[in-house]
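Trainee: With the numbering used here, you'll find the sequence shown wraps up at 330, consecutive numbering, no jumps.
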Amino acid sequence: MKAAYLTAYGGPDVLAIRDIPAPVLAPHDVLIRQHASTVSPADCAMRSGNPALIRLFTGLTRPRQPVPGGAVAGVVEAVGAAVTRYRPGDRVFGTTDPHPNAMAELVALPEEGALALLPERASYADAAALSYSFLTAMPYLRDEAQLKPGQSILIHGAAGSIGVVAVQLARQMGAIVTATCSTHRLALVESLGPDRTIDRTAEDFTATSAAYDVIFDTVGKSSFAACREALKPGGIYLTTTPSLAIATNMLRGTQADGKRAKMATTGLRKTADKARDIELLRTMLAAGTLRAVIDRTYPLERIAEAHAYVETGTKAGDVVIEITPSLSA
Ligand SMILES: NC(=O)c1ccc[n+]([C@@H]2O[C@H](COP(=O)([O-])OP(=O)(O)OC[C@H]3O[C@@H](n4cnc5c(N)ncnc54)[C@H](OP(=O)(O)O)[C@@H]3O)[C@@H](O)[C@H]2O)c1
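#1: In its own chain, which residues sit with a C-beta less than 6 Å from the C-beta of Pro140, not counting the 5 before and 5 after it?
#2: Where DSSP assigns a beta bridge to Pro300, which residues make up the other side?
#3: Bridge partners for Val73 per DSSP, in chain order?
#4: Pick out the complete beta strand (DSSP E) segments inside the region 190 to 273, 3 residues or longer, and give them in chain order.
#5: Secondary structure at His308, three-state DSSP: helix, strand or coil?
#6: So, is Asn51 buried or exposed, given that buried needs 16 or more other C-beta atoms within 10 angstroms?
#7: Could you check if Thr179 is buried or exposed, using at least 16 other CB atoms within 10 Å of its CB as the buried criterion?
#8: Can you tell me where the beta strand (DSSP E) holding Lys153 begins and where it ends?
#9: Leu54 by DSSP, collapsed to three states: which one?
#10: Could you compute how far the alpha carbon of Pro150 sits from the alpha carbon of Glu312?
#11: CB-CB under 6 Å to Ser41, same chain, minus the five flanking residues each way: which ones, in chain order?
#12: Taking just the CA atoms, how far does Leu119 sit from Thr325?
#13: How should Lys271 be labelled, buried or exposed, when 16 other C-beta atoms within 10 angstroms of its C-beta is the threshold for buried?
#14: What residue from Thr96, Thr97, Val76 has the CA that sits closest to Tyr87's CA?
#15: Check this for me: beta carbons of Thr342 and Ala138, under 8 Å apart or not?
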């Protein structure tokens with residue numbers, strides 16, 4: 002089968018398309034013929050081995066797992082002898098995270114993994130896009146922020162993959178949502194339904210006092226120190242990216258004014274928790290209550306270009322990879 006393949010850490014050009022053996026099916030596995038996956042900033046970090054700390058998890062000298070990608074959306078091709086929940090022909094979606102290997106024509110996932118049936122009304126591209134961002138945005142808002150109706154939240158980086166989903170979910174949770182983005186993304190972000198949108202290139206969202214119960218920096222471009230004054234007493238600052246400052250603030254815990262800062266590693270949650278959230282996403286896809294934003298779509302053969310674009314840090318929503326069957330698969 003065709004797959005994207007990494008032989009070393011480096012720029013997008015280290016990605017090649019190779020013919021590799023199809024996965025061997027274990028009794029509880031579902032074999033999925035992929036139609037769509039995504040490229041995220043995390044995929045770019047795993048490809049480049051940068052920041053270097055990531056190599057502790059992905060391999061010290063070269064990528065331990067040569068096939069990148071986590072998002073799964075396709076059709077069940079075959080099932081292991083013990084599988085009861087899926088049948089060949091079922092449309093399914095989910096994720097292989099934290100073990101990338103989805104950027105291939107065929108992917109095997111355990112039936113108890115983060116996998117669900119894909120509702121008829123949802124496309125493979127939408128499901129792949131949302132599986133990555135929902136599995137980050139939902140635990141941040143529900144479990145870390147414990148967002149409640151009537152609370153005020155600022156979502157920084159609202160045009161990004163996690164941001165577009167976070168804005169929609171926070172609104173559905175009944176929060177008062179302020180979203181930031183740059184000028185050319187204002188119309189997109191406003192279409193997601195926040196109460197207020199801030200053009201971050203024209204206004205400093207931190208230049209306010211006691212305005213928000215939650216500040217969720219989805220792109221890791223701010224700091225707790227800079228945002229602290231904008232938080233209400235007892236407020237929480239959340240960021241998706243690791244830094245020495247956030248680690249120090251997490252060790253300090255809740256400060257005298259009741260404010261605190263946190264980064265969560267949603268990708269490393271238990272499979273059972275992710276599976277529950279993929280099932281929740283399935284119900285939202287069936288009801289049509291969550292919208293995917295797809296910036297660009299590339300065929301698998303052009304995955305290096307997709308990585309180069311994602312690495313610019315300017316994408317809106319998601320970058321999807323279309324995987325079409327080849328004769329050799
Ligand atoms: N902690 C976890 O478990 C976890 C899980 C998944 C992902 N992540 C991390 O989360 C981060 C965000 O992922 P993503 O896929 O949502 O990112 P993304 O889609 O690549 O974000 C792109 C958006 O960032 C905004 N942006 C660029 N520069 C900015 C700046 N200086 N200030 C504010 N916004 C800026 C841009 O919008 P505007 O220019 O319009 O503002 C752009 O649309 C990544 O670093 C990823 O590795 C963490």
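Note that the Cβ used here is the ideal one computed from N, Cα and C, for glycine as well.
Mentor: Short version:
#1: Against the sequence shown, residue 140 aligns to sequence position 139. Result list for Pro140: Thr267, in chain order.
#2: Sequence index remark: in the sequence shown, residue 300 carries index 299 (1-based). The bridge partners DSSP lists for Pro300 are Glu323.
#3: The residue you call residue 73 lines up with position 72 of the sequence shown. Val73 is bridged to Gly95.
#4: Runs of the beta strand (DSSP E) inside the region 190 to 273: 197 to 200, 213 to 218, 232 to 240, 261 to 264.
#5: Your numbering for residue 308 matches position 307 in the sequence shown. Looking at His308 - three-state DSSP - the assignment turns out to be helix.
#6: Within the sequence shown, numbered from 1, the residue matching residue 51 stands at position 50. By the 10 Å Cβ count, Asn51 comes out exposed.
#7: Position 178 of the sequence shown, counting from 1, holds the residue named residue 179. Thr179 should be labelled buried.
#8: Here residue 153 refers to the residue found at position 152 of the sequence shown. Checking the sequence, you will find Ser at residue 153 rather than Lys. Ser153 -> beta strand (DSSP E) spans 153 to 157.
#9: The sequence position of residue 54 within the sequence shown is 53, counting from 1. DSSP places Leu54 in the helix class (H, G or I) of the three-state scheme.
#10: Reading the sequence shown from its first residue, position 149 is the one you call residue 150. Reading the sequence shown from its first residue, position 311 is the one you call residue 312. Distance between the alpha carbons of Pro150 and Glu312: 35 Å.
#11: Taking the sequence shown and counting its residues from 1, the one referred to as residue 41 is at position 40. Closer than 6 Å at the Cβ level, and outside the excluded window around Ser41, lie Tyr133.
#12: To locate residue 325, count along the sequence shown from 1; it is residue 324. To locate residue 119, count along the sequence shown from 1; it is residue 118. Thr325 and Leu119: Cα-Cα distance of roughly 18 Å.
#13: Working through the sequence shown from its first residue, we reach residue 271 at position 270. Lys271 counts as exposed, since fewer than 16 other beta carbons sit within 10 angstroms of its beta carbon.
#14: The residue given as residue 87 occupies position 86 in the sequence shown. The candidate whose alpha carbon is nearest that of Tyr87 is Val76.
#15: Given a span of 2 to 330 for the chain in the structure shown, any question on residue 342 remains unanswerable.
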